[in-house]
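*Asks:* Below are the structure tokens for one structure; questions will follow.
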């Protein structure tokens, strides 16, 4: 087998471990913890369906690639709960080391995928901005389906969720309106502080 193909299979085998990285959100009906692979898949479908509500030109294929790879670094770095201030202090360092190792499995071919991951992290292109909005909307959908289970478990406030979703407010007003409606409902149900 040629070395590029061997590297590709090694990388693909390694990223399958995303199925074992557990997040704080839960999945109905049994309320088990969602894994990174499920999150990325659902986020990608959200992007396909919600792209028309993003008022800027998008390369959706690039955006989907970004979404599908954005959390593979958590195989090494672990999932960092977005509202855990202490764990977020060294998140960037942990994830950069993980990106280097994981994308490095592809040999020289890994550089373009690592660059795409870095583009997502930088959040400057419209594709990265839209992907980040999807990374925030997808969990909101899960909270709506699970009666705010993870919010209640962690004592999350509406203000925390609004702050996390500010990009939608600035970049995609229609999506922000939907976020606000979900937060209104969650607050009316007592799921948010």
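Residue numbers (this note's numbering): 337 to 529. Glycine included, C-beta positions come from ideal geometry on N, C-alpha and C.
1) Quick check: what's the CA-CA separation for residue 509 versus residue 436?
2) Have a look at residue 364 and residue 406 and give me their C-alpha separation to the nearest angstrom.
3) Evaluate contact between the stretch 399 to 416 and the stretch 510 to 517, counting only Cβ atoms and requiring at least three cross-stretch pairs below 8 angstroms.
4) State the beta-bridge partners of residue 371 as determined by DSSP.
5) Are residue 384 and residue 403 touching if we call contact CB-CB under 7 angstroms?
6) Looking at C-beta atoms only, is the number of pairs between the stretch 478 to 497 and the stretch 442 to 453 that lie closer than 8 angstroms three or more?
7) As a quick exercise: from 503, 506, 489 and 481, pick the residue whose alpha carbon is nearest that of residue 518.
8) Can residue 361 and residue 475 be called in contact, C-beta distance under 7 angstroms?
9) Just to confirm my understanding: we take residue 393, look at its own chain, exclude 5 residues before and 5 after, and list those with CB closer than 7 angstroms. What are they?
10) Given a cut-off of 7 angstroms on the beta-carbon distance, is the pair residue 499 and residue 527 in contact?
*Replies:* The relevant details are as follows:
1) Residue numbering aside, residue 509 sits at position 173 when the chain shown is read from its first letter. Residue numbering aside, residue 436 sits at position 100 when the chain shown is read from its first letter. Spanning the two alpha carbons is a distance of roughly 36 angstroms.
2) In the chain shown, the residue the question calls residue 364 occupies position 28. In the chain shown, the residue the question calls residue 406 occupies position 70. The alpha-carbon atoms of residue 364 and residue 406 are separated by roughly 24 angstroms.
3) No, they do not touch.
4) To locate residue 371, count along the chain shown from 1; it is residue 35. Beta-bridge partners of residue 371 (DSSP): 358.
5) Position 48 of the chain shown, counted from the first residue, corresponds to residue 384. Position 67 of the chain shown, counted from the first residue, corresponds to residue 403. Cβ distance not < 7 angstroms, so residue 384 and residue 403 don't count as in contact.
6) Using a Cβ-Cβ distance cut-off of 8 angstroms, the stretch 478 to 497 and the stretch 442 to 453 are not in contact, since fewer than three pairs of beta carbons, one from each stretch, lie closer than that value.
7) Here residue 518 refers to the residue found at position 182 when the chain shown is read from its first residue. Comparing Cα positions, the closest option is 481.
8) Your numbering for residue 361 matches position 25 in the chain shown. Your numbering for residue 475 matches position 139 in the chain shown. Yes. Within cutoff.
9) Within the chain shown, residue 393 is the residue found at index 57, counting from 1. Closer than 7 angstroms at Cβ, skipping near neighbours: 462.
10) For the purposes of this step, residue 499 is identified with residue 163 of the chain shown, where counting begins at 1. For the purposes of this step, residue 527 is identified with residue 191 of the chain shown, where counting begins at 1. Their beta carbons are not under 7 angstroms apart, which means residue 499 does not touch residue 527 by this criterion.
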